[in-house]
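Asks:
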Amino acid sequence: MFNIPKEIWKIVDYLYKHALYEEELFSTRGSPLDIGAVRDAIDTDTEIRVASVHSVAESLILLLDSFSEPVVPYTAYAHCLEQCTHFTNSKNILRNIDMAHRNVFRYVCSFLREILAYADRNKSNAKILAQIFGDVLLKPQLPEVGPTAKSAYKKRQLFVFQFLTNEYDDS
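Letter by letter, the sequence shown follows residues -9 to 161 of the numbering used here.
1) Quick one, are the C-beta atoms of residue 150 and residue 120 less than 7 angstroms apart?
2) Using CA coordinates, which residue listed in 53, 58 and 11 is at the minimum distance from residue 33?
3) With contact counted as at least three CB pairs below 8 angstroms, one residue from each stretch, are the stretch -9 to 4 and the stretch 39 to 51 in contact?
4) Buried or exposed for residue 128, please, with buried defined as at least 16 other CB atoms from any protein chain shown within 10 angstroms of its CB.
5) Cα-Cα, which of 89, 85, 30 and 71 is closest to residue 125?
6) In whole angstroms, give me the CA-to-CA distance for residue 38 and residue 77.
7) Using 8 angstroms for Cβ pairs, my map puts residue 169 next to residue 96. What's the rounded Cβ distance?
8) Could you check what DSSP says for residue 15 in three-state terms: helix, strand or coil?
9) For residue 80, does the count of other Cβ atoms within 10 angstroms reach 16, so buried, or fall short, so exposed?
10) Please state whether the Cβ-Cβ distance between residue 62 and residue 94 is less than 7 angstroms.
11) With 16 other CB atoms within 10 Å as the buried threshold, where does residue 67 fall?
12) When you compare the CB positions of residue 148 and residue 75, do they come within less than 7 angstroms of one another, or not?
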């Protein structure tokens, strides 16, 4: 369905199989030892074996955050903030980024919607997931300060929130 990096697929696949019902999945910190084990499993293409799904969840966040270019490229950042409350316009912006970045964004949001589908059991919340992933999927090229930083933080959340609460396809 999505052509995405195997590292992301491997982590999401593990979380899908083992963590859909886990409470506070992306809010609880993982163990540094387990996070290292996840990184080793990805580097050596072996099975992920850790004590805590929270470590795997944190590994996903760290992996997405480590990209030299964010999932939503810097060139689209300002447009995303401008359209953070207009879902159709936001989809149009993503249509204009390269396919690799768009596929990762769609895949991650699709997985987060799956987590939200089990909210009655895992107590997940779209607003909290948007807060966490807004800062990972969209990043400014230069640091923002003062009121601009606070406004941009909120707009990143709103942008991602749209894709967690609406079905996203390329149409």
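Glycine residues also receive a C-beta, built at the ideal position from the N, C-alpha and C atoms.
Replies: So, to answer that:
1) yes
2) 53
3) yes
4) buried
5) 71
6) 36 angstroms
7) Because residue 169 is not part of the residues shown, which for the chain are -9 to 161, the question remains open.
8) coil
9) buried
10) no
11) buried
12) yes
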